[in-house]
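A.B. asks: Using our numbering, you'd call the opening residue of the sequence shown number 8 and step up by one each time. Ideal Cβ positions, reconstructed from N, Cα and C, are used throughout, including at glycine. Note that the structure is a prediction, hence the values are computed from the model and not measured. Next up is a structure, given as structure tokens.
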Amino acid sequence: MKITFSVIKADIGGYVGHSATHPEVVEKVKEVVKGEKEKGNLIDCGILTCGDDIAIVMTHTHGVDSELVHGIAWKAFEEGTKVAKKLKLYGAGQDLLSEAFSGNVKGLGPGVAEMEFEERPSEPVIVFFADKTSPSAWNLPLYEMFADPMNTAGLVIDPKMHDGFTFEVLDVYTGKAVKLSTPAELYDLLALIGSVSKYVVKNVYRNFDGEIAATASTQRLSLIAGQYVGKDDPVMIVRSQSGFPAVGEILEPFARPWIVEGWMRGSHNGPLMPTSFKDARPSRFDGPPRVIAAGYQVAEGKLIGPTDLFDDPAFDRARQKASEMANILRRQGIFEPHRLPAEEMEYTSLPKVLQKLEGRFYDTETHSPGKELIEKEDMD
Ligand code: F6R
Ligand code: MG
Ligand code: MG
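Shown next, in the form of structure tokens:
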């Protein structure tokens with residue numbers, strides 16, 4: 008059976024501040040989506056939360072970019088927003104950028120990751136969901152999962168993986184994408200996706216047969232091309248086992264935390280901390296950035312799960328390490344490289360400061376108050 012696996016996420020109000028979601032809002036979103044399942048519009052559905060974001064996980068047969076399915080998510084977020092507004096939650100409805108739904112949530116605020124595939128005899132799927140970071144946070148782990156044999160033994164051992172994977176990479180400034188096949192074009196791929204503020208991985212396909220292997224939410228960034236639109240707390244769907252990386256190969260990159268953009272005010276570098284569902288509530292300096300991993304078995308489109316894959320003592324060291332990295336970076340305070348370069352900050356006072364000081368900048372070669380003072384002293 009061909010099914011579509013859709014994850015649509017939004018921040019429709021934080022409790023407290025930007026740290027977490029409120030159970031009543033989550034319940035309302037769930038109720039709306041469940042109602043649509045009961046009407047027969049969806050095969051199955053589930054809700055995940057990470058920090059102040061809510062993700063709706065849906066399986067159906069309507070294909071990607073379905074007006075019906077996007078409309079369901081939009082309605083659920085609108086109803087959830089009403090509850091968030093009643094509770095005066097922080098930033099209630101902040102990701103619903105439009106007054107009205109117009110057929111597709113792309114460009115309207117929510118993040119979308121969707122893929123359509125023929126369900127295999129057994130179909131394990133992992134949904135990653137992060138808060139206080141951006142879609143480029145997936146660049147490094149996607150490379151390790153699908154192109155680094157030191158991480159993924161299957162690239163060497165599994166005949167279906169031995170031909171490698173093709174990465175579709177999006178330039179967030181131009182909205183253009185390019186497909187690069189690994190291992191042949193691995194170094195070209197890394198030359199691009201190492202620039203995390205410019206390039207993000209959108210999809211990954213298996214070279215053996217062109218099957219979709221992974222997809223990430225990048226749409227909002229691509230649609231507002233030409234202009235940097237800030238951080239979108241991202242989601243990602245990854246298929247697993249039997250010719251795709253094993254669950255353990257997919258999770259392995261997260262055992263060694265790395266630095267991502269986001270954190271406080273979307274304007275800092277910080278470690279991505281893998282946590283259980285329960286601990287996905289960024290607090291310290293509005294972070295550090297969090298990621299959860301929800302594992303599902305898909306059975307005739309039904310979502311069996313989720314299991315909380317980072318709720319495992321094997322990731323305790325990673326959490327500890329991320330805290331140590333957070334300490335090192337926090338020592339830098341407002342200084343780079345903890346604070347992002349000016350052009351990548353989500354919001355900044357720099358233009359105003361520069362405007363204020365405009366008339367006070369002088370050329371040190373031809374004119375300096377200090378120099379004038381010395382010359383005056385010489386004359387005296
Ligand atoms: C980052 C984030 C928070 C806020 C910060 C300031 O993605 O959500 O770190 O940027 O709490 O929030 P405002 O500007 O709403 O006071
Ligand atoms: Mg928020
Ligand atoms: Mg968020």
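Ligand 2: which residues have Cβ under 6 Å from any of its heavy atoms, chain order?
C.D. replies: This selection yields Asp-18, Gly-21, His-25, Asp-59, Gly-98, Gln-101.
A.B. asks: Looking only at its chain, what residues have a beta carbon closer than 7 Å to the beta carbon of Phe-84, apart from the 5 residues adjacent to it on each side?
C.D. replies: Numbered from 1 along the sequence shown, position 77 holds the residue referred to as residue 84. Once the five neighbours on either side are set aside, the close Cβ partners of Phe-84 are Ala-17, Ile-19, Val-36, Leu-103, Pro-117.
A.B. asks: So is His-69 buried or exposed if we call it buried at 16+ other beta carbons inside 10 Å?
C.D. replies: In the sequence shown, the residue the question calls residue 69 occupies position 62. So His-69 ends up on the buried side.
A.B. asks: If you measure between the beta carbons of Leu-149 and Val-211, is that distance less than 8 Å?
C.D. replies: In the sequence shown, residue 149 corresponds to position 142, counting from 1. In the sequence shown, residue 211 corresponds to position 204, counting from 1. Yes.
A.B. asks: What do you reckon, are the CB atoms on Gly-250 and Lys-167 nearer than 8 Å?
C.D. replies: As a first step, residue 250 is located in the sequence shown; it is residue number 243 there, counting from the start. As a first step, residue 167 is located in the sequence shown; it is residue number 160 there, counting from the start. In contact: Gly-250 and Lys-167 (Cβ atoms closer than 8 Å).
A.B. asks: May I ask whether a heavy atom of ligand 3 can be found less than 7 Å away from the beta carbon of Asp-240?
C.D. replies: Taking the sequence shown and counting its residues from 1, one reaches residue 240 at position 233. Under cutoff, so the answer is yes.
A.B. asks: Within the same chain, show all residues whose beta-carbon is closer than 6 Å to that of Tyr-235, passing over the 5 residues directly before and after it, in chain order.
C.D. replies: Walking along the sequence shown from the start, residue 235 turns up at place 228. Note that Tyr-235 has pLDDT 49, beneath the 50 cutoff, so the model's placement of it is unreliable and no number is given.
A.B. asks: What residue ranges within the stretch 291-364 form continuous beta strand (DSSP E) runs of no fewer than 3 residues, ordered along the chain?
C.D. replies: The stretch 291-364 contains these whole beta strand (DSSP E) runs: 297-306, 309-315.
A.B. asks: Using the rule of at least 16 other Cβ atoms within 10 Å of the residue's Cβ for burial, across every protein chain shown, is Lys-183 buried or exposed?
C.D. replies: Within the sequence shown, residue 183 is the residue found at index 176, counting from 1. Looking at its Cβ environment, which holds fewer than 16 other Cβ atoms inside 10 Å, Lys-183 is exposed.
A.B. asks: Give me, in chain order, the residues of the same chain whose beta-carbon lies closer than 7 Å to that of Thr-373; leave out the 5 immediate sequence neighbours on both sides.
C.D. replies: Taking the sequence shown and counting its residues from 1, one reaches residue 373 at position 366. Correct list: empty, nothing qualifies.
A.B. asks: Kindly examine ligand 3 and report whether one of its heavy atoms sits closer than 7 Å to the Cβ of Asp-286.
C.D. replies: Residue numbering aside, residue 286 sits at position 279 when the sequence shown is read from its first letter. No, the beta carbon of Asp-286 sits no closer than 7 Å to any heavy atom of ligand 3.
A.B. asks: Expressed to the nearest angstrom, what Euclidean distance is found between the alpha-carbon atoms of Ser-73 and Ser-224?
C.D. replies: Stepping through the sequence shown from its first residue, residue 73 is reached at position 66. Stepping through the sequence shown from its first residue, residue 224 is reached at position 217. Rounded to whole angstroms, Ser-73 to Ser-224 spans 16 Å at the Cα level.
A.B. asks: Go ahead and label Thr-371 buried or exposed: buried means 16 or more other beta carbons lie within 10 angstroms of its beta carbon, across all protein chains shown.
C.D. replies: By one-based count along the sequence shown, residue 371 stands at place 364. Its Cβ having fewer than 16 others within 10 Å, Thr-371 is exposed.
A.B. asks: Taking the Cβ atom as the reference point for each residue, do Gly-98 and Gly-201 lie within a distance shorter than 8 Å?
C.D. replies: Within the sequence shown, numbered from 1, the residue matching residue 98 stands at position 91. Within the sequence shown, numbered from 1, the residue matching residue 201 stands at position 194. Not in contact: Gly-98 and Gly-201 (Cβ atoms no closer than 8 Å).
A.B. asks: Residues in its own chain within less than 6 Å of Ser-105 by CB, not counting five upstream and five downstream?
C.D. replies: Start at 1 with the first residue of the sequence shown, and residue 105 comes out as number 98. Correct list, in chain order: Leu-115.
A.B. asks: Scan the stretch 27-62 and note each continuous alpha helix (DSSP H) run of 4 residues or more that stays entirely inside, going in chain order.
C.D. replies: Qualifying alpha helix (DSSP H) stretches, in chain order: 30-45.
A.B. asks: Using a threshold of 8 Å, state whether the C-beta atoms of Asn-158 and Pro-281 are closer than that.
C.D. replies: As a first step, residue 158 must be located in the sequence shown, where it is residue number 151. As a first step, residue 281 must be located in the sequence shown, where it is residue number 274. It is not a contact, given that the beta carbons lie outside the stated cut-off.
A.B. asks: Is it true that the CB of Ala-287 sits closer than 8 Å to the CB of Gly-161?
C.D. replies: Position 154 of the sequence shown holds residue 161. Position 280 of the sequence shown holds residue 287. No, Cβ-Cβ distance for Gly-161 and Ala-287 is not below 8 Å.
A.B. asks: Report yes or no: do the stretch 300-320 and the stretch 340-358 share at least 3 C-beta pairs separated by less than 8 Å?
C.D. replies: Result no; under three Cβ-Cβ pairs closer than 8 Å.
A.B. asks: Ala-137: which of Pro-295, Lys-89, Val-71 sits nearest, CA to CA?
C.D. replies: As a first step, residue 137 is located in the sequence shown; it is residue number 130 there, counting from the start. The candidate whose alpha carbon is nearest that of Ala-137 is Pro-295.
A.B. asks: Tell me the DSSP secondary structure of Ile-4 in three-state form.
C.D. replies: Outside the displayed span of the chain (8 to 387) sits residue 4, for which this structure offers no information.
A.B. asks: Report the residue from Val-33, His-25, Lys-41, Ile-63 whose alpha carbon sits nearest the alpha carbon of Val-242.
C.D. replies: Here residue 242 is taken as the residue at index 235 of the sequence shown, counted from 1. Measuring from the Cα of Val-242, the nearest candidate turns out to be Ile-63.
A.B. asks: Does DSSP put Val-242 in a helix, a strand or coil?
C.D. replies: Along the sequence shown, one-based indexing puts residue 242 at 235. Val-242 falls in the strand class under three-state DSSP.
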